Amino acid sequence: MTWSATARGAHQPDNTAFTQQRLPAWQPLLSASIALPLFFCAGLAFIGLGLGLFYSSNGIKELEYDYTGNPGTGNCSACALADQDRAPPLRCSCAWYFSLRELFPGPVYLYYELTNFYQNNRRYSVSRDDTQLSGLQSALRHPANECAPYQRRASGLPIAPCGAIANSLFNDSFSLWHQRQPGGPYVEVPLDRTGIAWWTDCHVKFRNPPLVNGSLALAFQGTAPPPNWPRPVYELSPDPNNTGFINQDFVVWMRTAALPTFRKLYARIRQGNYSTGLRRGAYLVNITYNYPVRAFGGHKLIVFSNISWMGGKNPFLGIAYLVVGSLCILMGFVMLVVYIRYQDQNDEDEDSE
Amino acid sequence: MAKINNSGQRILRKKEKQVRYLQANSRELNSTFGYPNNTIKTSRYSVFNFLPLNLFEQFQRLANAYFLILLFLQLIPQISPLAWYTTVIPLMVVLSITAVKDAIDDVKRHQNDNHVNNRSVLVVMNGRIKEDKWMNIQVGDIIKLKNNQPVTADVLLLSSSEPYGLTYIETAELDGETNLKVKQSISVTSNLEDNLGLLSAFDGKVRCESPNNKLDKFTGILTFKGKNYTLDHDKLLLRGCIIRNTDWCYGLVIYTGPDTKLMQNCGKSTFKRTHMDHLLNVLVLWIFLFLGGMCFILAIGHGIWENKKGYYFQDFLPWEEYVSSSVVSAILTFWSYFIILNTMVPISLYVSVEIIRLGNSCYINWDRKMYYAPKNTPAQARTTTLNEELGQVKYVFSDKTGTLTQNIMIFNKCSINGIIYGCGYDKNGQKVKVSEETEKVDFSYNKLADPKFSFYDNTLVEAMKKGDHWVHLFFLSLSLCHTVMSEEKVEGKLVYQAQSPDEGALVTAARNFGFVFRSRTSETIMVVEMGETKVYQLLAILDFSNVRKRMSVIVRTPEDRVMLFCKGADTILCQLLHPSCRSLREVTMEHLDDFAFEGLRTLMVAYREVDNAFYQAWSKKHSEACLSLENREDKMSDVYGEMEKDLMLLGATAIEDKLQDGVPETITILNKAKIKIWVLTGDKQETAVNIAYACNIFEEEMDGIFIMEGKNDETVRQELRLARNKMKPESLLESDPVNTYLNTKPQMPFRIPEEVPNGNYGLIINGYSLAYALEGNLELELLRTVCMCKGVICCRMTPLQKAQVVELMKRYKQVVTLAIGDGANDVSMIKAAHIGVGITGQEGMQAMLNSDYAISQFRYLQRLLLVHGRWSYNRMCKFLSYFFYKNFAFTLMHFWYAFFSGFSAQTVYDTWFITFYNLVYTSLPVLSLSLFDQDVNETWSLRFPELYDPGQHNLYFNKKEFVKCLVRGIYSSFVLFFIPMRTIHNSMDSDGKEISDYQSFSLIVQTALLCVVTVQIALDTTYWTLISHIFTWGSLGFYFCILFLLYSDGLCLMFPNVFQFLGVARNTLNLPQMWLIIILSVVLCILPVIGYRFLKPLFWPADVDKIMNRIHLWTRHPLLPPTQTKLRHTRPRRSAYAFSHKQGFGALITSGKTMKDKQAVLAAHHPKGAGQGPQKAGLRPKPRGSGRRKALRVTRGTHRSEQLGRWASTAGPEDRTNAPSGGAAGGKARSDHRLRGCRGARTLPTRPERRGAPACPSCSTTPGGRETRPPAPQPPPAPSPPARSSPTVSSDCPCGDTPQLTRAQLYRCIHISFAGPERAQRPSSQPRDRGGGFRTASPSQAVGALCPFGPWFRSWYLPESG
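Protein chains in written order, with UniProt numbering: chain A, 1 to 353; chain B, 1 to 1362.
Structure below.
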């Protein structure tokens, strides 16, 4: 009824740059003089970067061995066969012999690699309780529902650490032996098993529950280890700073992989004579074969690798940069040709209009 | 009840349910019927029901309902891959934004309602007057209304301060007409006057129809003191009217609140949806299908995976108990993916669209260049949901009066006794162009002059001062012959109240030149003649009617002479002239030609001195005719005809119907933007065509103009086909693609494609032919023909037809229509069109209230469309393209990841990223894009209307563009997934730790995604304001801040299960790989886009691209002056005749109703003649001097007092019902010289032709009007003085002895006998050169042929004069 202009307060609108849509602005234009040089420059830069990445990646040495033990692939086959009837895992060892003709420059890192292992499966990756792992007492006794079916034992005891991820902790172990002279004795190469996890993980995210009477075992009293574990979580390592939830192997395992093929750091070789790398000679990796992967068609690999300024060996980035750089330059040429040809034509059109 | 029924009529009893009973002053009885009180409620919510009701309404929207369902799905833990908050938070935000907007709107409505409901009104209660609030008024109450008060409810008029219970009201709010209307109470109640005792004792019972929305219909019966009185709508004051010119009146409340006609008419306005909305709905449906398809593929993948791998992986990941097989798992996964991929349907799409439209509407409200200072009104976007459609308009349907024209009439020129006045000449005799600086005529000699009146020719004033007899008589006749009412609140300050603006202009002109019409009574007219007050006795008013096209007054001068003054359309008047005036007539006709050529509205003025005895005899006949019961109309017109003959010509007036400022320029620009403009007017054809030429809708160089005036189906069809044959002959062939299309696809919604004619054509169609054309099988014929024309004029349209035309266009054409108008008669088309634009402040509020956009000047339309509309459209399209793209890129990543995560519905991102992506990270940049972006600034937009073209064809966002977005999205997601995936695969950081963990991968991917979409929007942005920079780059920076917050130690340790990404930011952001990935992804994603954008205009250059190039060139080199689009002002073509208004107040004035004649009132109240008393009295001339005289006063709101002469509407709805014969026949009689069009569908002459309406009655009645029929032989003209000449009025033919005559005029006099025979009935195809015809015609035919003389006449005699 009274919806009139006056009801709204009919005033002259404000004369501001904002209301009048006159805000000062920069109006870039994708003209040929910008686009073409851009393409060429980007192309050249990419090719340069790509070459650098490619060579630095190529400079990295990698040594890997599949010890899954599929029939006829080496001496781990026996263990692999044994693993058919699973729990309790048999103590089985096998070995991988290799020799280096020259120095494997250090620092050398020892990884294990699993394939076809879907750590990124949604149901798998949610099957954990971060509250429990952060050492909260109440969560220790009452694991989250996501952990099911590894939430509680049949007896009703809460599982610590709960969940499928923890339950499937990788439990093969490796030791490296070096034979300096042919026929000589094998000397164990010291493996640094610490510093393999993120600092934030083993110092902030993962924490043991508060000690009871100075004992970690008492703190975990009233909980049961995951079904697949032969020993409770507080006995993962004799080192008190590396046991319980903050055991670095465990922490590394709990950082689930994004892809079904993944490597995880096992140890660093940086001590004593081996700080510069693995010297030439024969080597033996003694493998304690526990982890069953053949059931689901997985593979287990052991990998020695060194790294460059930008990490491990992965030629992809370098190749990708080279390809994209070339594409840029190619596009640039195409555009240049088209531009010269059609611009003239369009100009003619305009003139003739 | 029983009582009422006793006296009730049978008819009413039958319809008992539809009848309303009430008794005055009896609240008890009335309350039993349960009528509502007078409260109105336009608000939708109250405090309590707001939340549930609003939520309910919101969930009725498809998208919201979808997300609600999604929310429930997410609550099922077995299938939910996402935390509940990923959906809840966005949904809450979206819902609350909408809720807040609704709440604000509703609060406004509440305030409005309260304001209206709490107005106070005077109620009669138990013999006293009590003040009460509007909302407390009940049915049956008697209320008192005062002058200038709005009417509280629908009330039955009981009595008023004016005689006979007359009450004047203004109905601007109801129907938009600003002229006064008279309501009259029945005599029995007007007797009650303001006697409170009688009023409170009044116990009349009313039976009437139940509430309905018909404004002009009301039937009821009042039972009072045992007698029945019929009631009609003349006795009902409707809510929304305003009392004018009446001190007070009493009324009985009949309908209250929601039952009032006003509220019944406030039907829920249909919610308009834009094409974009429809497109969005379709696209959302497509997305759903696409989504379903993807979910299905992924579910199958999951089934296979579980079968092949998952089954064997159970050692580490046992199946849930409820999963018995991989099939069950697959079904569950389907829903899981359904949840994950829900972001394909962007939740914030609708709310973002609303925000953008709101913002762009604000720009319209804020635009100073659409602010009209004289009325202090800015443009107003009343609907905030249609903005982008403003950029797509293809057809504009415009009203004429008040929209293209100002509806202000200005007395511009006149021809008095063969001398033309008004074309200002300077000292050298050169014509002066009137501009601001031109000196105005000084009217200081006249104290009563209207200061706003301006005239530029001093010669007229000089003649006036000299006492030129003819000039005096001319203005005397103007000051007497009218039905204007005057008001003089302050001494000397006259305000005229005219029925039509033309009339007001004439009387005002007379006033300024010294013949001031000061006041009138029913029997006298007081005129101040050059300072000397004279009173003329008004003997009769022979009022205007559409058939007569003239009006006359008969007055007795103070010298006791009876004089008749007449003014009217020249075609009519020239037949009534005394033969002695012939030579003057020729001169005047020539002047009329000139006036017409300038597009002025012309009238002829004549007088006649009447013998007293003759008058007495005539008066007797007149009274008899008045009282006759049968054929009164005919008898009256016969009697009038007897009086209106042998008139002596005085001269002619020319009134300028002012176009609104900038109308021709605007239309030219809109035409260049390929917007077709149709004029839909209720006005006559001549007027409409004239205006069409004046404002460039028709142009001189058009290839042809077709006139459709068929009177039946067949002729209309023929006319349409012939027109089409001319424009595009092949379209009539069977093989024409459109015909084949129409033949093959008859089922409904089909669209007629655009057809291109072979030239520029115009078309005129009148309402009658249109009525046939709109019927069934002619519809398509009409549409195809009409759409090929560049300009279309539809005249004599009823409001309904206006809407029908718009609907027709909407139905068969995939185009956006815009209707613009200012009056109540435009409301239907404003509502029907996609966009309704109301012009504010011309004819009331009705059009504006129903419009989507309100502007105050037609010229603002170009800005509204070409600047705001174009920007809105471009912005909306950019927004949608980008919005869909970013969501596709975002969502499809899950699809790729499924192949590497066992199709387990694992998300690629952190849940918080999913929650915030649309809402926080990407919302501001896209908002800044869609609120600030301008591809070219407003100046270029207006200079190159061609830039508007892409919007009309919806080129910037359609299904094709959507698919492009999808492809881009797929490509981007592919790049964004596989590059990080391949890079991190088995990769380590420089510390030897692996970087291929899920959380790092998430972070890398989401950061890369955000960078890519930000760079994409940066590419889309062409207008980088500071705000754009802040929003775009700020959002990206903000993302990193949030990242550190969400992944911080504190938050993660507090809720370890909610914030699981502890430390990921710190560990991952310093990886060189991550930044290399981002650079690579960005480049790879934008490379094709840049390439495409660069190459497309080179390969397929569109017109727009060329213009853009040109603009960029000019912007870079500002020295190059842009070619100014020069407007060529074409001269208006033809004059229309001023009389387009309806019956005046003539009957009312002469009826003497303004006199409070006690006796007459008493007589009228005599039970026997109760019903007819006043009317009878009205027809009889009142005895002179009896009773109390009272000058008719017309009061009006002071705020309008300055708008003199603009008051009355000439385009009111009633106007359309007038007989169209004049217009239609006028078109027929028009001859056709430059026949360019085809024969059958006649083309209008593009050269001006003066004679519009047929001069000879025989012409107008002959069907087709083109037969050559020899005029009846007449005696040769004898320039002899008229029989009844008076000593004071020279009746000599001025031709012979008036010294002022020009040479040409003298020649005319010499050749008059040869010039005479020219006839109007020339066949339309007759060539221009017609000398032979002239000479062979016998001079004896001269007098009989009163038909028009065109310019060809001049061409014939002028050479001889040389």
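Glycine included, each C-beta is placed from N, C-alpha and C at the ideal position.
Since the structure is predicted, the reported quantities are computational estimates derived from the model, not experimental observations.
Contacts of residue i in chain A (Cβ-Cβ under 8 angstroms)
i         : result
Phe932/B  : Gln21, Leu23, Ala25
Trp1024/B : Ala25, Trp26, Gln27, Pro28
Paired residues, beta bridge with residue i - DSSP
i        : result
Gln181/A : DSSP, once it has assigned bridges, lists no residue as partnering Gln181/A.
Cys92/A  : Tyr289/A
Ala25/A  : Thr1025/B
Met409/B : Asp657/B
Ala257/A : Asp997/B
Trp248/B : Lys146/B
Amino acids of chain A, ordered along the chain, whose beta-carbon sits closer than 9 angstroms to that of residue i
i         : result
Phe1038/B : None at all; the shortest Cβ gap to chain A is about 21 angstroms.
Ile1017/B : By Cβ distance, chain A contributes nothing, its closest Cβ being about 13 angstroms from Ile1017/B, past 9 angstroms.
Contact list for residue i against chain B, beta-carbon separation under 9 angstroms
i        : result
Gln12/A  : Arg368, Tyr371, Ala373, Asn376, Pro378
Cys328/A : Val1083, Leu1087
Status (buried if at least 16 other CB within 10 Å, exposed otherwise) for residue i
i              : result
Met551/B       : buried
Gln1060/B      : buried
Cys1041/B      : exposed
Glu686/B       : buried
Pro211/B       : buried
residue 1364/B : Any property of residue 1364/B remains undetermined from this structure, which presents chain B solely from 1 to 1362.
Val490/B       : exposed
Ser33/A        : exposed
Gly1113/B      : Looking at the sequence itself, residue 1113/B is Leu, so the reference to Gly does not match. Under this definition Leu1113/B is an exposed residue.
Arg341/A       : exposed
Arg1134/B      : Note on Arg1134/B: pLDDT 36, under 50, position unreliable in the model; the coordinate value appears next. Buried, by the Cβ-count rule.
Pro182/A       : exposed
Val47/B        : exposed
Lys394/B       : buried
Pro451/B       : exposed
Tyr1092/B      : exposed
Met1054/B      : exposed
Residue closest to residue i, alpha-carbon to alpha-carbon, out of the options
i        : options                                : result
Ile269/A : Gln343/A, Pro190/A, Ala295/A           : Pro190/A
Ser57/A  : Asn247/A, Thr200/A, Tyr124/A, Tyr321/A : Tyr321/A
Ile356/B : Ile984/B, His953/B, Ser930/B           : Ser930/B
Ser637/B : Ile541/B, Cys574/B, Met727/B           : Ile541/B
Ile820/B : Asn671/B, Trp896/B, Tyr312/B, Gln857/B : Gln857/B
Val963/B : Gly1091/B, Leu880/B, Phe903/B          : Leu880/B
Gln132/A : Lys313/A, Pro210/A, Ala45/A            : Pro210/A
Chain B contact residues for residue i, given Cβ-Cβ distances below 8 angstroms
i        : result
Thr200/A : Asp1049, Leu1062, Gly1063, Arg1066, Asn1067
Chain-ordered neighbours of residue i on chain A, where CB pairs are closer than 7 angstroms
i        : result
Ser987/B : Gly311, Gly312, Asn314
Neighbouring residues, chain B, relative to residue i (Cβ below 7 angstroms)
i        : result
Ser134/A : Leu1053, Pro1056
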